[in-house]
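Q: Using my numbering, read the sequence shown as starting at 2 and increasing by one per residue.
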Amino acid sequence: MSSSRPKRSGRPADEAKREAILAAAAASFFEHGFAASSIEQIAADAGVSKVTIYNRFGDKRALFTAAVEQECAQLRGSLEVPKIASGSLRDRLTAIGEAMVTFLSRPRMVQFERRIAAETEHEPAVGEAFLAAGPLRMKKAFAALLAAMHDAGDIEIDDAELAAEQFASMCKGMGDLERRFGVPDDPRRNRERIAGAVEVFCRAYARR
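#1: Does the separation of the CB atoms of M110 and E72 fall below 9 Å?
#2: Alpha carbon to alpha carbon, how far is S39 from F31?
#3: Classify F182: buried if its beta carbon has 16 or more other beta carbons within 10 angstroms, exposed otherwise.
#4: Is it a yes or a no for the region 16–25 touching the region 41–50, going by three-plus beta-carbon pairs under 8 Å?
#5: What are the residues that DSSP puts in a beta bridge with A207?
#6: Taking the beta carbon of E120 as the centre, do at least 16 other beta carbons fall within 10 Å, making it buried, or is it exposed?
#7: What's the C-alpha gap between N56 and R19?
#8: Drop a sphere of 10 angstroms on the beta-carbon of A130, count the other beta-carbons inside from all chains shown, and report buried for 16 or more, exposed for fewer.
#9: Please name the residue in A164, R208, R204 and F168 whose C-alpha comes closest to that of A100.
#10: How is the alpha helix (DSSP H) around V184 delimited, first residue to last?
#11: Under the three-state reduction of DSSP, which class applies to V49: helix, strand or coil?
#12: Between which two residues does the alpha helix (DSSP H) carrying S38 extend?
#13: Of the choices V102, A96, I156 and V52, whose alpha-carbon is the least far from that of P136?
#14: At which residues does the alpha helix (DSSP H) containing D92 begin and terminate?
#15: Would you give the residue range spanned by the alpha helix (DSSP H) that M110 belongs to?
#16: Kindly say whether A161, judged by its beta-carbon, lies nearer than 9 Å to any beta-carbon of chain C.
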């Protein structure tokens, strides 16, 4: 005689619960900041108990780090080799620059960076967590991609991490700073910055 009870599928439910927690945490951290966000409110917004959050993440700082990692994963995914493997060197560099600037110019990201900077004044560990989960990871991923381009004979570089910093800085220009201080985003200028960054980078590093 077969049982009529449905089979339990814990993993999808667990993953959905984790996503709900991270979404609620990110929304709270972005809007209210680290110090003003409470586990109680995040749990209520996610439809879970405080115990569930503590069991999964340990404490508020660990939850913050996980939320930052998820938010920054979008840009890391944009720079995966399979997505930009085809095309000329200039095409690939342009795709990288566009992905980077698009991500950094999102109002949500600008707001988040402002909040992180403010919170770091009181909690230096918050800034450290953000750098480790976002910018430093991205630099390593981009440096690895440039190293692969070097090995493939497309470019000639001695220091992949330095070259990654140079390209990112040229693509952002003053736009990154301007957005943090309330200047409206300028898509035309962004395209010009990226085109200029690609030109300078290729002149400096492309193999001839």
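Using N, Cα and C, we set each Cβ at its ideal position, and we do this for glycine too.
A: On the basis of the data shown:
#1: Going by C-beta atoms, M110 is nearer than 9 Å to E72.
#2: In a straight line, the C-alpha of S39 is about 13 Å away from that of F31.
#3: exposed
#4: yes
#5: I156
#6: buried
#7: 11 Å
#8: buried
#9: F168
#10: For V184, there is no enclosing alpha helix (DSSP H), since its DSSP letter is neither H nor E.
#11: Coil at V49, not helix or strand.
#12: Unbroken run through S38: none, as it is neither H nor E.
#13: V102
#14: L90 to L105
#15: Boundaries of the alpha helix (DSSP H) around M110: P108 to H123.
#16: Going by chain labels, chain C is absent from the structure shown, which holds only one protein chain.
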